[in-house]
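If you're matching positions, the sequence shown starts at 1 in the UniProt record's numbering and goes up one per residue. Glycine included, each C-beta is placed from N, C-alpha and C at the ideal position. Following: one structure in structure tokens, then a few remarks.
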Amino acid sequence: MQSELEIQAVIGFTGKITQGLDLLPDNEHIIYPLSSTIVVRHIITRQQTFLRYGQVIYQIKRHDNQISLITVSRTGDYVASGQKTYMRFQADIIIWDFKDRSMIHRIKLHKILIQSLSFSYNELYLALLGGIDDKNMLIVLDIKAGKALCGTPNRDPVNQVQFYNQSDGKMIAVKILEQRFQQQINKIKRTFNYVAIEKNDKFCYCGTKTGDVFEVQMDMVIYKRLAPVKKLFSQGVNCLGLLQNGDLIVEVGNCMYAKVSFQTMQIVASSELLGGVTSISFTNDQTHFFVGTSQSNIYWLDNLPSQLFRCICYQVWNAKNRQELLRIQVPNLECRAIAIMNDGKSIVSGWSDGKIRAFLPQLGRLLYVINDAYIHGCTSLTCASDCQRIISGGSEEVRVWEIGKQTQVMKFSMQEHRVRVWSIQVRRIMSKELVLVQMGLVLFGILNHLPELCVYLKVLYSKWFCIILKRVNYQLLEVIEKHLIILQKITYWEIFDGQAIRMLDGSEEGEFNALAITKEGEHFVSGGEDKEVKLWGYDEGICYFKGQGHSITITRITISPDQKLLYQLEQKEPYLY
1 MQSELEIQAV IGFTGKITQG LDLLPDNEHI IYPLSSTIVV RHIITRQQTF
51 LRYGQVIYQI KRHDNQISLI TVSRTGDYVA SGQKTYMRFQ ADIIIWDFKD
101 RSMIHRIKLH KILIQSLSFS YNELYLALLG GIDDKNMLIV LDIKAGKALC
151 GTPNRDPVNQ VQFYNQSDGK MIAVKILEQR FQQQINKIKR TFNYVAIEKN
201 DKFCYCGTKT GDVFEVQMDM VIYKRLAPVK KLFSQGVNCL GLLQNGDLIV
251 EVGNCMYAKV SFQTMQIVAS SELLGGVTSI SFTNDQTHFF VGTSQSNIYW
301 LDNLPSQLFR CICYQVWNAK NRQELLRIQV PNLECRAIAI MNDGKSIVSG
351 WSDGKIRAFL PQLGRLLYVI NDAYIHGCTS LTCASDCQRI ISGGSEEVRV
401 WEIGKQTQVM KFSMQEHRVR VWSIQVRRIM SKELVLVQMG LVLFGILNHL
451 PELCVYLKVL YSKWFCIILK RVNYQLLEVI EKHLIILQKI TYWEIFDGQA
501 IRMLDGSEEG EFNALAITKE GEHFVSGGED KEVKLWGYDE GICYFKGQGH
551 SITITRITIS PDQKLLYQLE QKEPYLY
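Structure follows, in structure tokens:
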């Protein structure tokens with residue numbers, strides 16, 4: 001029987017979800033979704049826990065697809081989460097007991113998408129809003145019983161539903177509100193993204209896609225004022241936060257947030273962040289707040305914004321406490337490959353402009369640049385064990401660079417492939433540097449004797465995702481007994497003639513995208529479109545452990561040097577097992 005790989009930690013969060021980041025009323029924990037997992041993180045200790053249910057691997061204990069939204073009750077006792085699923089399938093809503101980190105109810109009332117959730121003031125009811133495919137069905141749920149009390153479809157699209165702050169019997173649906181006071185704003189038409197209600201339920205503030213904020217008197221449903229006074233916010237208003245003095249914190253889609261005065265409805269301060277702002281959550285005294293952005297960054301800010309943040313291209317993290325140590329930026333460029341020298345003195349990266357750049361890992365200062373390494377960008381690279389050579393690949397050639405104190409010289413170049421180079425691996429076995437290059441065909445050889453002494457292996461598959469080497473104690477070409485190529489199955493290939501000698505049924509759903517093997521070659525790990533991380537015995541061909549928690553395709557896997565931890569990457573979101 002297969003055992004479960006337990007998640008120890010994650011890095012990042014799903015930032016594109018509106019109000020997906022919440023600070024709990026205890027002022028000690030933040031909660032946010034990451035793929036299909038809900039993460040609870042202690043602010044001071046950085047310890048992470050996860051909302052789960054049960055200990056049996058086959059028991060459904062979390063969302064089986066990507067979480068679309070999350071909300072927390074007023075006291076923090078309850079957490080509700082909804083998901084997005086496929087056509088013709090029902091989407092789950094889960095109500096959690098935060099203290100016990102356990103599931104209370106699992107409900108299926110909507111199709112495809114849960115668009116909005118809202119707890120009532122006394123935490124008796126939960127409002128559920130479906131998407132367009134569900135006819136914008138609005139349902140009110142009894143939290144204790146877990147049953148629907150009433151529901152109604154909406155002919156027009158509804159973006160959000162929100163209970164009043166002082167009543168269990170009143171709520172606002174954003175689109176309905178627009179229709180009711182549309183006559184008060186003459187010929188001005190708006191599409192509302194977000195609504196925030198003042199604590200005494202006298203006014204509400206509606207952010208629009210046009211980039212302005214409406215103030216509405218709620219008892220009479222009368223339009224009062226408009227902000228900002230002169231210039232609209234670019235790319236629309238994503239979410240709003242209300243301070244105790246009436247001032248607004250406005251989160252905008254163009255990587256900016258601003259503070260708007262209640263008295264004048266003018267911008268008094270603004271700042272830029274990395275990514276469009278999608279979430280805001282205040283401390284109890286409202287002196288500070290957390291902000292989440294569409295590029296999955298979390299900021300801790302003062303309510304008087306003064307700092308300017310700029311874009312970055314890759315990050316360095318402390319793996320033990322999941323703390324970000326360094327951000328490195330090259331403006332308007334994309335980092336496509338990255339490697340670390342064995343001595344730890346430099347981080348080597350390949351970029352979309354065709355240059356290879358090396359940075360110091362402590363300060364992030366540029367160490368050197370290899371200009372014009374490739375025309376169409378560098379797509380893969382790795383470093384030799386002597387820390388004096390870099391092997392890189394692109395859409396043109398595979399090249400070996402010798403790194404000196406002041407110079408970087410290309411030693412040789414090979415052009416035996418038809419597509420871009422996907423992967424380059426180097427293994428040092430018995431004083432020999434062995435190279436395996438994946439580029440439509442496989443190039444295998446000894447680094448010091450390339451390109452003279454090498455073997456080309458071509459198999460029938462036209463699309464290759466990943467290759468790993470298995471270490472065996474023989475000499476020259478026999479030191480590599482086999483290597484693995486993943487497509488829909490896991491296949492063992494003989495290195496001499498490229499013949500398949502073994503094939504495993506790795507998954508019933510989709511392809512594998514990532515592989516990693518232990519130092520001794522006794523076990524390997526796989527991941528792909530089935531959204532599961534699997535630990536295999538190399539010789540037995542048996543899957544011993546499974547790890548769940550991903551909702552979309554796994555793109556990268558690596559094993560820590562101490563052979564104790566697994567790191568997986570789901571697009572931009574890392575997981576640690």
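Chain-order list of residues whose beta-carbon lies under 6 Å from that of residue i (same chain, five-residue window excluded)
i	result
THR382	ALA339, ILE391, ILE424, VAL426
GLN563	THR518
SER349	CYS335, ILE338, ARG357
ARG88	none
SER413	GLU397, ARG399
PRO153	LYS135, MET137
GLY253	GLN235, GLY236, ASN238, GLY276
LEU51	ILE38, TRP96, ARG101
LYS16	SER294
Alpha-carbon to alpha-carbon, residue j and residue i
i	j	result
ALA148	LEU138	10 Å
LEU274	THR293	7 Å
MET410	CYS378	14 Å
GLY20	LYS202	26 Å
TRP300	THR491	48 Å
ASP530	THR85	15 Å
GLN8	GLN548	12 Å
ASP156	VAL525	48 Å
ASN193	SER352	35 Å
GLY537	ALA500	18 Å
ILE94	ASP302	33 Å
ASP247	VAL72	23 Å
MET220	ARG190	20 Å
ARG556	SER380	13 Å
GLN266	ILE197	19 Å
ALA173	GLN115	12 Å
LYS144	GLN244	32 Å
ILE542	LEU515	15 Å
LEU565	SER281	33 Å
LYS108	LYS224	40 Å
Residues sharing a beta bridge with residue i, DSSP
i	result
ASN406	First, the amino acid is wrong: residue 406 is Gln here, not Asn. BP columns for GLN406 are empty, so no partner.
MET220	For MET220, which the question treats as bridged, DSSP gives no partner whatsoever.
SER380	GLY393
TRP536	PHE524, CYS543
GLU4	LYS546
HIS63	Answer is none; HIS63 lacks a bridge partner.
MET256	VAL252, GLU272
GLU215	TYR205, ARG225
For residue i, three-class secondary structure by DSSP
i	result
ASP97	strand
ASP302	strand
ILE104	strand
ILE132	helix
PHE192	strand
MET87	coil
PHE262	coil
ASP201	coil
CYS311	Confidence in CYS311 is poor, its pLDDT being 37 and thus under 50, which makes the residue's placement too unreliable to answer from.
GLU28	coil
CYS335	strand
residue 579	Since the first residue shown for the chain is 1 and the last is 577, residue 579 is missing from the structure and cannot be characterised.
GLN115	strand
Cβ shell of residue i (< 7 Å), same chain only, five flanking positions each side left out
i	result
GLY76	LEU24, PRO25, ASP26, PHE98
SER120	PHE163, ASP168
GLU509	GLU529, ASP530
Reference residue i, options the options, closest by Cα
i	options	result
SER385	MET341, GLY537, GLU529	MET341
GLU123	PHE412, ARG502, THR379, SER167	SER167
VAL405	GLY393, CYS387, GLN415	Note on residue identity: the sequence assigns Lys, not Val, to residue 405. When each option's Cα is compared against that of LYS405, the closest is CYS387.
PHE13	ILE38, GLU4, GLU28	ILE38
ASN159	ILE104, LYS209, TYR567, LEU242	LYS209
CYS204	PHE163, LYS231, GLY169, GLY211	PHE163
PRO361	LYS345, VAL369, ALA127, PHE214	LYS345
ASP212	ILE542, LYS199, TYR544, LEU226	LEU226
GLN125	ILE114, VAL140, CYS543	In the sequence under discussion, the amino acid at residue 125 is Tyr, which differs from the Gln named in the question. Selected option, being the one with the closest Cα: VAL140.
MET103	GLY146, LEU129, GLY130	GLY146
ILE112	GLY82, MET171, VAL330, VAL260	GLY82
HIS105	SER118, LEU129, VAL79	VAL79
HIS288	ILE249, ARG46, LEU566	ILE249
TYR544	ASN65, GLU532, ASP92	GLU532
Contacting residues, own chain, Cβ-Cβ under 8 Å from residue i (five flanking each side not counted)
i	result
MET256	PHE233, SER234, SER270, SER271, GLU272, LEU273, VAL277
THR264	VAL229
ASP539	GLU522
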